[in-house]
């Protein structure tokens, strides 16, 4: 199993487009997808912990756990949160894909959507790693959408952009609600 996981991660990071179709069609890919997410989440947490040691006072400003004890707790909690977020975010993107005529069923798309987490291993690099992860994850999310739903390049980009605009609207609305509810 771990050979499959590391092979898929390597293929994603080397921009092998076929790995997305392979994951989409592999009925056993949910387990390997979950392992990819756990590995990436641990690397992201360790990167955040390293950053907290390198920047004085960052633990007071961080929205995540900053001190060593809480940083270690973050290494346990963040993978759980990521595993919970995986089917939710996949469902969100899947709605837009289906509205645009996407062909994949939810479970097939879920298997492909684990792969954009693979660049999370770069987040262990303090400061720059999280940026690399976010950009690469966005590119690989596009690729998962395109391959899983058999979209053209333009349609996949359109679905991704419309989905991201929806996320921005939701986040702005939630922030507005928080500001109105808790003005100080």
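In our numbering, the protein residues as written are 2 to 185.
Backbone N, C-alpha and C fix where the C-beta goes; we use that ideal spot for every residue, glycine too.
With DSSP collapsed to three states, give me the class of residue i.
i	result
residue 107	helix
residue 10	helix
residue 66	Low local confidence applies: a pLDDT of 48 at residue 66 is under 50, so the model's placement there is unreliable, and no value is given.
residue 95	helix
residue 52	helix
residue 34	helix
residue 76	helix
residue 126	coil
residue 119	helix
residue 42	helix
residue 2	coil
residue 101	coil
residue 85	helix
Along the chain, where does the alpha helix (DSSP H) that runs through residue i open and close?
i	result
residue 56	Taken as a continuous stretch (DSSP letters only), residue 56 belongs to no alpha helix (DSSP H), as it is neither H nor E.
residue 164	154-182
residue 130	129-149
residue 21	19-26
Would residue i and residue j be called neighbours here (beta carbons separated by less than 7 Å)?
i	j	result
residue 134	residue 38	no
residue 120	residue 138	yes
residue 46	residue 75	yes
residue 12	residue 113	no
residue 86	residue 42	no
residue 163	residue 94	no
residue 161	residue 146	yes
residue 44	residue 115	no
residue 90	residue 111	no
Are there any heavy atoms of the ligand NAP lying less than 6 Å away from the beta-carbon of residue i, as far as the coordinates show?
i	result
residue 180	Among the ligands in the structure shown, none appear at all, so the ligand NAP cannot be discussed.
Cβ contact (3+ pairs, closer than 8 Å) linking the stretch 2-11 and the stretch 26-33: Verdict: yes, contact present.
Stretch-stretch touch, CB-based, cutoff 8 Å, three pairs: the stretch 150-157 with the stretch 97-109: yes
Touching by the beta-carbon criterion (3+ pairs, under 8 Å), the stretch 128-136 and the stretch 10-21: no
Contact the stretch 40-56 vs the stretch 166-176: 3+ CB pairs below 8 Å: no
Contact between the stretch 157-165 and the stretch 86-103 (3+ Cβ pairs under 8 Å): yes
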